[in-house]
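Notes to accompany the following structure.
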Amino acid sequence: MNLLSVFPLNVFVDRFIEGGPLFMSFILICLLLATTFLIIGFFHLKKDVAKSKKMNNLASEASILGLVFGFLGSTIGMITAFDTIESMGDISAGMMAAGLKVSFLTTVFGLVTFILPRIGIIILKCLQKH
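Note that full-length UniProt numbering has the sequence shown beginning at 1, numbered continuously upward.
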């Protein structure tokens, strides 16, 4: 029995690797940056509102960048899938579905990277207004 199979995060790790480690890593870095900027923004909320607003803006930019990386990875994945289909000729519907699924994994992760920090950004903006 594999030790990692016990943890429920194994499903996410499998999807991460399946989506392509390069773009998924870029998106993960954007998610971590946005989260870090939000934490710093909340920390400086009472002490330095200008720095809190700056961190809020940086979190917004990092989340948008993660979304764009997701769409870029998906587009490149689709082009790669269509190139493979073109070179193979006739393929089954199952193979087509598998290729489309893999190409959309980066889009989903990019959307999650956009939506989760966006919730924190909205909360921080509401708290910044006196």
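Quick reminder that beta carbons are idealized off the backbone N, C-alpha and C, glycines included.
Buried versus exposed, by CB contacts within 10 Å (16 or more), residue i
{"i": "residue 12", "result": "exposed"}
{"i": "residue 94", "result": "exposed"}
{"i": "residue 21", "result": "exposed"}
{"i": "residue 126", "result": "exposed"}
{"i": "residue 32", "result": "exposed"}
{"i": "residue 131", "result": "Residue numbering for the chain in the displayed model covers 1 to 130; residue 131 lies beyond these limits and cannot be assessed."}
{"i": "residue 81", "result": "buried"}
{"i": "residue 1", "result": "Caution is warranted here: a pLDDT of 47 is assigned to residue 1, below 50, making its placement in the model unreliable, and the coordinate value is therefore given only provisionally. With fewer than 16 Cβ atoms within 10 Å of its Cβ, residue 1 is classed as exposed."}
Start-to-end residues for the alpha helix (DSSP H) that takes in residue i
{"i": "residue 45", "result": "Looking at the DSSP string, residue 45 is not in any alpha helix (DSSP H), and its letter there is neither H nor E."}
{"i": "residue 14", "result": "10 to 18"}
{"i": "residue 122", "result": "93 to 128"}
Expected contact under 8 Å - CB spacing of residue i and residue j to nearest Å
{"i": "residue 43", "j": "residue 74", "result": "The Cβ separation is near 34 Å, so there is no contact."}
{"i": "residue 19", "j": "residue 106", "result": "5 Å"}
{"i": "residue 66", "j": "residue 34", "result": "7 Å"}
Task: the segment 75 to 95 / the segment 109 to 123 touching (three or more Cβ pairs under 8 Å) - done: no
TODO: Take every Cβ of the segment 15 to 30, pair it with every Cβ of the segment 47 to 60, and state whether three or more of those distances are shorter than 8 Å.
DONE: Counting C-beta pairs with one atom in each stretch, the segment 15 to 30 and the segment 47 to 60 have fewer than three that are closer than 8 Å, which means they do not touch.
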